[in-house]
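Same order as they appear, the protein sequences are chains A and S. Mind the numbering: the first sequence is residues 6 to 120 in my numbering, read in order. Mind the numbering: the second sequence is residues -8 to 106 in my numbering, read in order.
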Amino acid sequence: DTGVSQNPRHKITKRGQNVTFRCDPISEHNRLYWYRQTLGQGPEFLTYFQNEAQLEKSRLLSDRFSAERPKGSFSTLEIQRTEQGDSAMYLCASSLVVPTNEKLFFGSGTQLSVL
Amino acid sequence: DQQVKQNSPSLSVQEGRISILNCDYTNSMFDYFLWYKKYPAEGPTFLISISSIKDKNEDGRFTVFLNKSAKHLSLHIVPSQPGDSAVYFCAAGNAGGTSYGKLTFGQGTILTVHP
């Protein structure tokens, strides 16, 4: 399977705990995005990387959130001191940038439930 | 502030008939628009897009219409098939921004096509 892979698929945690999600993009893709989707809403942009550089972060991304993409391959999203409001589907997407075009390929997401 | 709105949470259509999904936006900086389809337990998949310099784009059974003056776009599916049953998200972006992949999504419309 050469699509975008996200692990774990589901994560249940207690409030105050730290969690980390992993995303493996399509291998030749140079950009990687994190989105968050809550029930009844569309995905919301969180941050993106070009290779290993994090180029933009949304105002939605509080200081408790940190994302990395070491060596420009897989990426991790860590949430520290989780809150119930962090419960959501966290989606990763990757893309290959060509002039005037960029198509996102999404993974199946990690569903986070904070109790 | 919902910059992209899909005001119909759901739509039910008979197989073979036309499905019309609507989307409104408020940000005049958006200059390209996309539709994504999402099945349960999967990430969104790209369906069709349109640049603001066009008013129509067609791909097989799918046509997207853009009315810039009204800040409105629609997706037409003709003929509708049961396999089209999914959640459809409208999304918008700014090609002059940092990334084509930084998108603003609507809330989604659940399309059900009955045999």
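Glycine residues also receive a C-beta, built at the ideal position from the N, C-alpha and C atoms.
Contact belief for residue i with residue j at Cβ below 8 angstroms, rounded distance in angstroms
{"i": "A:Leu37", "j": "A:Arg74", "result": "6 angstroms"}
{"i": "S:Phe56", "j": "S:Ser42", "result": "No, S:Phe56 and S:Ser42 are not in contact; Cβ-Cβ is about 13 angstroms, not under 8 angstroms."}
{"i": "S:Asp22", "j": "S:Lys(-4)", "result": "Their Cβ separation, rounded to whole angstroms, is 18 angstroms, which puts S:Asp22 and S:Lys(-4) out of contact at 8 angstroms."}
{"i": "A:Thr81", "j": "A:Tyr95", "result": "No, A:Thr81 and A:Tyr95 are not in contact; Cβ-Cβ is about 11 angstroms, not under 8 angstroms."}
{"i": "A:Asn35", "j": "A:Gln55", "result": "6 angstroms"}
{"i": "A:Phe50", "j": "S:Gly34", "result": "A:Phe50 to S:Gly34, Cβ: 15 angstroms. No contact."}
Residue i - DSSP class collapsed to helix/strand/coil
{"i": "S:Gly34", "result": "coil"}
{"i": "S:Gln5", "result": "strand"}
{"i": "A:Asp29", "result": "strand"}
{"i": "S:Gln(-6)", "result": "coil"}
{"i": "A:Lys16", "result": "strand"}
{"i": "S:Lys29", "result": "strand"}
{"i": "S:Ala47", "result": "According to the sequence shown, residue 47 of chain S is Lys rather than Ala. In the structure shown, S:Lys47 sits in a strand (DSSP, three-state: E or B)."}
{"i": "S:Lys93", "result": "coil"}
{"i": "S:Asp15", "result": "strand"}
{"i": "S:Asp59", "result": "In the sequence as displayed, the identity of residue 59 of chain S is Lys instead of Asp. S:Lys59: coil per DSSP, three-state reduction."}
{"i": "A:Gly21", "result": "coil"}
{"i": "S:Gln72", "result": "coil"}
{"i": "A:Gly8", "result": "coil"}
{"i": "A:Gln153", "result": "With chain A represented from 6 up to 120, any question about residue 153 of chain A goes unanswered, as that position is not in the structure."}
{"i": "S:Ser42", "result": "strand"}
{"i": "S:Gly110", "result": "There is no way to answer for residue 110 of chain S, as the model of chain S reaches only from -8 to 106."}
{"i": "A:Leu109", "result": "coil"}
{"i": "S:Ser(-1)", "result": "coil"}
{"i": "S:Phe80", "result": "strand"}
{"i": "S:Phe21", "result": "coil"}
Chain-ordered neighbours of residue i on chain A, where CB pairs are closer than 9 angstroms
{"i": "S:Gln98", "result": "Gly45, Gln46 and Gly47"}
{"i": "S:Lys45", "result": "Under the 9 angstroms cutoff, chain A gives no residues; its nearest Cβ is about 14 angstroms from S:Lys45."}
{"i": "S:Phe53", "result": "Under the 9 angstroms cutoff, chain A gives no residues; its nearest Cβ is about 15 angstroms from S:Phe53."}
{"i": "S:Phe37", "result": "Lys108, Leu109, Phe110 and Phe111"}
Within chain S, partners of residue i - CB distance below 7 angstroms
{"i": "A:Glu57", "result": "Neighbours of A:Glu57 on chain S: none; closest Cβ ~16 angstroms, over 7 angstroms."}
Partner residues on chain A for residue i, Cβ-Cβ distance less than 8 angstroms
{"i": "S:Gly92", "result": "Arg36, Tyr38, Tyr53, Ala98, Ser100, Glu107 and Leu109"}
{"i": "S:Phe80", "result": "Gly47 and Pro48"}
Proximal chain S residues relative to residue i, where beta-carbon distance stays under 8 angstroms
{"i": "A:Gly114", "result": "Gly34"}
Members of the segment 24 to 35 of chain S near chain A, C-beta cut-off 7 angstroms: Ala32, Glu33, Gly34 and Pro35
Contained alpha helix (DSSP H) runs [length at least 4] in the segment 29 to 60 of chain A, N- to C-terminal order: Complete alpha helix (DSSP H) runs here, min 4: none at all.
Contiguous beta strand (DSSP E) assignments of at least 3 residues, all confined to the segment 64 to 107 of chain A: 70 to 73, 80 to 84 and 93 to 100
Interface positions of the segment 23 to 34 of chain A facing chain S (Cβ-Cβ less than 7 angstroms), listed along the chain: none
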